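Residue numbers (the working numbering), protein chains in the order written: chain A, 353 to 543; chain X, 91 to 283.
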């Protein structure tokens with residue numbers, strides 16, 4: 353009985369945010385299928401190839417940061433507020449380095465793979481520009497959005513363990529495709 | 091990057107430690123993600139013939155990782171607190187697994203219906219029965235994969251002395267991302283033919 357009640361508690365706590373994540377994913381699917389995005393995929397070959405890696409960066413960098421913050425809160429090593437606490441600042445700085453660094457590498461990888469396969473690809477500078485712009489915008493939004501939501505949830509007595517994955521994928525889905533759209537538009541205008 | 095002194099006192103919270111632990115993993119996983127991108131590109135025609143399937147794609151990619159991340163994060167925190175036991179008779183372990191399966195059943199049923207409704211607006215409509223079937227079958231397959239991956243990845247991190255916060259979730263979410271596209275594509279092809 354105890355086990356069933358605990359499973360029900362985890363279910364109840366997790367479901368609302370998973371439903372929000374579901375809505376975010378459906379929104380992202382609609383944006384990806386939009387005419388502007390499809391034209392971008394056609395204009396810059398290599399974007400479709402790097403898309404899963406770009407979207408997955410959220411789970412890689414920010415999911416791990418969220419789990420670290422969560423464990424830190426549980427262990428009492430950090431406080432649930434924005435401050436110049438050394439541990440918090442380090443976790444944020446490391447996430448920026450990881451997030452923006454991997455965006456650059458993804459652009460180079462996609463360009464290189466198409467080159468090796470002898471397929472048509474966008475110019476390296478175009479893919480790099482798109483990944484840098486969307487990578488920086490996504491990093492800023494996800495890091496501070498994630499911290500604000502996890503802190504707020506923790507203060508309201510919600511277990512952050514149940515929140516982080518879904519928050520990261522929801523913010524990542526919605527802002528990832530929006531900033532990708534912005535970056536494609538900017539780079540498309542410049543080049 | 092700070093000098094070695096203060097970094098040492100911060101232990102696993104130093105920038106060098108976090109980046110040094112994660113970046114090599116991120117590199118390997120990004121290369122694997124390129125495999126997922128390649129599959130998407132190869133199956134472009136199937137998806138363009140049934141544009142409603144595209145509505146499923148981001149959720150199918152993300153939700154397996156979501157479920158795995160919830161489980162991994164819970165396992166990881168229990169590990170940090172010294173409460174985790176890798177024992178098949180451990181009741182808390184089964185409680186977590188049961189909750190994840192129930193969540194998956196709810197979410198992927200809703201996804202099938204939602205994608206059907208969105209598809210009627212943005213694309214050529216597909217049969218509700220097909221969409222719900224594709225969503226639930228591929229969703230539950232992904233949930234089982236996510237559970238197994240979470241348990242294995244946490245156990246391996248634990249036995250190798252790695253911090254699971256830096257290792258488990260990237261591995262689980264990325265493998266789910268890659269398999270999400272493959273599982274969805276496979277199930278969709280079987281159901282639609």
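We put the beta carbon where it would ideally sit given N, CA and C, even for glycine. Note that the structure is a prediction, hence the values are computed from the model and not measured.
Which residue's Cα is closest to the Cα of residue i: the options?
{"i": "residue 190/X", "options": "409/A, 366/A and 439/A", "result": "366/A"}
{"i": "residue 266/X", "options": "133/X, 140/X and 162/X", "result": "162/X"}
{"i": "residue 124/X", "options": "363/A, 423/A, 434/A and 455/A", "result": "455/A"}
{"i": "residue 370/A", "options": "275/X, 129/X, 158/X and 106/X", "result": "158/X"}
{"i": "residue 413/A", "options": "239/X, 112/X and 234/X", "result": "112/X"}
{"i": "residue 538/A", "options": "475/A, 443/A, 497/A and 485/A", "result": "485/A"}
{"i": "residue 247/X", "options": "283/X, 131/X, 166/X and 130/X", "result": "166/X"}
{"i": "residue 205/X", "options": "358/A, 410/A, 376/A and 362/A", "result": "376/A"}
{"i": "residue 374/A", "options": "540/A, 519/A and 533/A", "result": "519/A"}
{"i": "residue 233/X", "options": "120/X, 181/X, 114/X and 196/X", "result": "196/X"}
{"i": "residue 100/X", "options": "388/A, 356/A and 440/A", "result": "440/A"}
{"i": "residue 178/X", "options": "129/X, 238/X and 214/X", "result": "238/X"}
{"i": "residue 489/A", "options": "531/A, 386/A and 409/A", "result": "531/A"}
{"i": "residue 288/X", "options": "268/X, 198/X and 200/X", "result": "Summary: the structure shown does not reach residue 288/X, with chain X confined to residues 91 through 283, and so no result is reported for it."}
{"i": "residue 483/A", "options": "494/A, 409/A, 470/A and 372/A", "result": "409/A"}
{"i": "residue 535/A", "options": "487/A, 420/A and 497/A", "result": "487/A"}
{"i": "residue 198/X", "options": "221/X, 183/X, 176/X and 275/X", "result": "221/X"}
{"i": "residue 143/X", "options": "164/X, 200/X and 215/X", "result": "215/X"}
If the criterion is Cβ atoms closer than 8 Å, does the pair residue i and residue j meet it?
{"i": "residue 270/X", "j": "residue 400/A", "result": "no"}
{"i": "residue 479/A", "j": "residue 491/A", "result": "no"}
{"i": "residue 542/A", "j": "residue 380/A", "result": "no"}
{"i": "residue 153/X", "j": "residue 228/X", "result": "no"}
{"i": "residue 253/X", "j": "residue 104/X", "result": "no"}
{"i": "residue 108/X", "j": "residue 442/A", "result": "yes"}
{"i": "residue 559/A", "j": "residue 389/A", "result": "Examination of residue 559/A is not possible in this model, given that chain A is present from 353 through 543 alone."}
{"i": "residue 434/A", "j": "residue 476/A", "result": "no"}
{"i": "residue 378/A", "j": "residue 145/X", "result": "yes"}
{"i": "residue 297/A", "j": "residue 422/A", "result": "The structure shown has nothing for residue 297/A, since chain A only spans 353 to 543."}
{"i": "residue 494/A", "j": "residue 524/A", "result": "yes"}
{"i": "residue 244/X", "j": "residue 183/X", "result": "no"}
{"i": "residue 540/A", "j": "residue 395/A", "result": "yes"}
{"i": "residue 275/X", "j": "residue 129/X", "result": "yes"}
For residue i and chain A, any beta-carbon pair shorter than 8 Å?
{"i": "residue 140/X", "result": "no"}
{"i": "residue 195/X", "result": "no"}
{"i": "residue 98/X", "result": "Here the model assigns residue 98/X a pLDDT of 49, short of 50, so the residue's position is not dependable and the matter cannot be decided."}
{"i": "residue 94/X", "result": "Because the pLDDT of residue 94/X is 41, which lies under 50, any placement of that residue in the model is unreliable, and the number read from its coordinates should be weighed accordingly. Chain A, which has no Cβ nearer than 8 Å to the Cβ of residue 94/X, makes this no."}
{"i": "residue 212/X", "result": "yes"}
{"i": "residue 200/X", "result": "yes"}
{"i": "residue 176/X", "result": "no"}
{"i": "residue 135/X", "result": "no"}
{"i": "residue 248/X", "result": "no"}
{"i": "residue 128/X", "result": "yes"}
{"i": "residue 215/X", "result": "no"}
{"i": "residue 145/X", "result": "yes"}
Within 8 Å (strictly less), CB to CB, does residue i reach chain X?
{"i": "residue 493/A", "result": "no"}
{"i": "residue 404/A", "result": "yes"}
{"i": "residue 407/A", "result": "yes"}
{"i": "residue 400/A", "result": "yes"}
{"i": "residue 525/A", "result": "yes"}
{"i": "residue 433/A", "result": "no"}
{"i": "residue 531/A", "result": "no"}
{"i": "residue 445/A", "result": "yes"}
{"i": "residue 486/A", "result": "no"}
Contact check, residue i vs residue j under 8 Å by CB: the rounded distance?
{"i": "residue 458/A", "j": "residue 402/A", "result": "5 Å"}
{"i": "residue 508/A", "j": "residue 171/X", "result": "About 21 Å separates the two Cβ atoms, so there is no contact after all."}
{"i": "residue 259/X", "j": "residue 528/A", "result": "With 8 Å as the limit, residue 259/X and residue 528/A do not qualify as a contact, their Cβ atoms being about 17 Å apart."}
{"i": "residue 521/A", "j": "residue 156/X", "result": "5 Å"}
{"i": "residue 382/A", "j": "residue 212/X", "result": "6 Å"}
{"i": "residue 273/X", "j": "residue 218/X", "result": "Contact flag wrong, Cβ pair sits at about 21 Å."}
{"i": "residue 445/A", "j": "residue 516/A", "result": "Their Cβ separation, rounded to whole angstroms, is 19 Å, which puts residue 445/A and residue 516/A out of contact at 8 Å."}
Look at the alpha carbon of residue i and the alpha carbon of residue j, and state the distance between them as a whole number of angstroms.
{"i": "residue 473/A", "j": "residue 397/A", "result": "5 Å"}
{"i": "residue 405/A", "j": "residue 117/X", "result": "10 Å"}
{"i": "residue 511/A", "j": "residue 193/X", "result": "17 Å"}
{"i": "residue 180/X", "j": "residue 236/X", "result": "19 Å"}
{"i": "residue 359/A", "j": "residue 185/X", "result": "5 Å"}
{"i": "residue 92/X", "j": "residue 430/A", "result": "Interpretation of residue 92/X is limited by its pLDDT of 39, a score under 50 that renders its predicted location unreliable; no figure is taken from the coordinates."}
{"i": "residue 354/A", "j": "residue 187/X", "result": "15 Å"}
{"i": "residue 240/X", "j": "residue 264/X", "result": "12 Å"}
{"i": "residue 160/X", "j": "residue 119/X", "result": "20 Å"}
{"i": "residue 208/X", "j": "residue 174/X", "result": "42 Å"}
{"i": "residue 250/X", "j": "residue 257/X", "result": "11 Å"}
{"i": "residue 460/A", "j": "residue 279/X", "result": "33 Å"}
{"i": "residue 106/X", "j": "residue 432/A", "result": "23 Å"}
{"i": "residue 202/X", "j": "residue 437/A", "result": "45 Å"}
{"i": "residue 391/A", "j": "residue 131/X", "result": "15 Å"}
{"i": "residue 450/A", "j": "residue 261/X", "result": "15 Å"}
Any heavy atom of the ligand MN closer than 7 Å to the CB of residue i?
{"i": "residue 158/X", "result": "You won't find the ligand MN in this model; it holds no ligand whatsoever."}
Item to complete: Below 7 Å between beta carbons is the criterion; list the residues of the segment 353 to 377 of chain A that meet it against any residue of chain B, in chain order.
Response: Checking the listed chains, one finds no chain B in this structure; the protein chains it contains are A and X.
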